[in-house]
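*Asks:* If you're matching them up, the sequences are chains A and B in order. The first sequence: position 28 = 405 (the numbering used here), numbered continuously. The second sequence: position 75 = 452 (the numbering used here), numbered continuously.
2 protein chains.
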Amino acid sequence: MLTVISYDIKSDTRRTKIYKALKDYGDWVQYSVFECDLKEQELLKLRHRLDTLLNKEEGDSIRYYHLCAECCRKIERDGGTMPKDLSTVIVKKQR
Amino acid sequence: MLTVISYDIKSDTRRTKIYKALKDYGDWVQYSVFECDLKEQELLKLRHRLDTLLNKEEGDSIRYYHLCAECCRKIERDGGTMPKDLSTVIVKKQR
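(1) Does DSSP put C445/B in a helix, a strand or coil?
(2) From the DSSP output, read off the bridge partner residues of Q407/A.
(3) Could you give the first and the last residue of the continuous alpha helix (DSSP H) run that contains E419/B?
(4) Report the CB separation of K387/A from G436/A in whole angstroms; it is logged as a contact under 8 angstroms.
(5) On the DSSP bridge assignment, give the partners of S476/A in chain order.
(6) Where do the N-terminal and C-terminal ends of the alpha helix (DSSP H) with D389/A fall, by residue?
(7) Thinking just about the alpha-carbon of each residue, which of D404/A, V381/A and R426/A is nearest to the one in I395/A?
(8) Taking 8 angstroms as the CB-CB limit, is H425/B close to chain A?
(9) Taking K433/B as the query, report the chain A residues whose CB atoms sit under 9 angstroms from its CB, ordered along the chain.
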């Protein structure tokens with residue numbers, strides 16, 4: 378399942394930590410937006426990790442948009458990187 | 378239909394113009410993310426307007442995530458504003 382994760386982090390240090398944590402799980406598509414193809418277990422683990430890095434009193438926030446296959450196909454963009462195309466599977470030739 | 382619009386704009390002037398354009402159409406939920414409940418026609422008009430404000434050569438980008446009712450119900454967040462709840466309709470008492 379594709380999850381779009383957008384974050385609003387008030388301090389540069391915390392934002393860098395959040396960015397580094399997300400880098401292990403998905404594609405950085407905009408300054409504060411990642412697209413992550415995650416299993417349920419991975420999402421729980423990631424969400425717990427990110428939650429520990431947040432300072433909600435200072436106004437930090439993270440939003441999780443879980444997209445079904447149909448909503449994934451409807452992603453549109455002007456400029457920036459191509460949306461992740463989950464419908465194509467790259468089959469590596471056996472040598 | 379709820380559309381999540383996230384933008385990455387390199388110049389403050391253009392970003393302000395994009396913000397002002399989006400303010401007419403939906404809720405500002407994070408620094409560069411809006412949630413807009415739009416009809417097809419409104420989306421086309423908004424997208425055209427935003428496209429004219431972009432400078433793609435400088436790296437500006439906008440992403441549109443169109444969420445079905447089921448994906449709307451699954452929006453999650455840590456910190457920040459409540460996701461738009463489209464299932465509740467506020468009925469004004471007739472006086």
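For every residue, glycine included, the Cβ atom is placed at its ideal position computed from N, Cα and C. Just so you know, these numbers come straight off a predicted model, no measurement behind them.
*Replies:* Reading off the structure:
(1) coil
(2) V410/A
(3) E417 to L430
(4) 5 angstroms
(5) For residue 476/A there is no data in the structure shown, the boundaries of chain A being 378 and 472.
(6) D389 to K400
(7) R426/A
(8) no
(9) D455, G456 and G457
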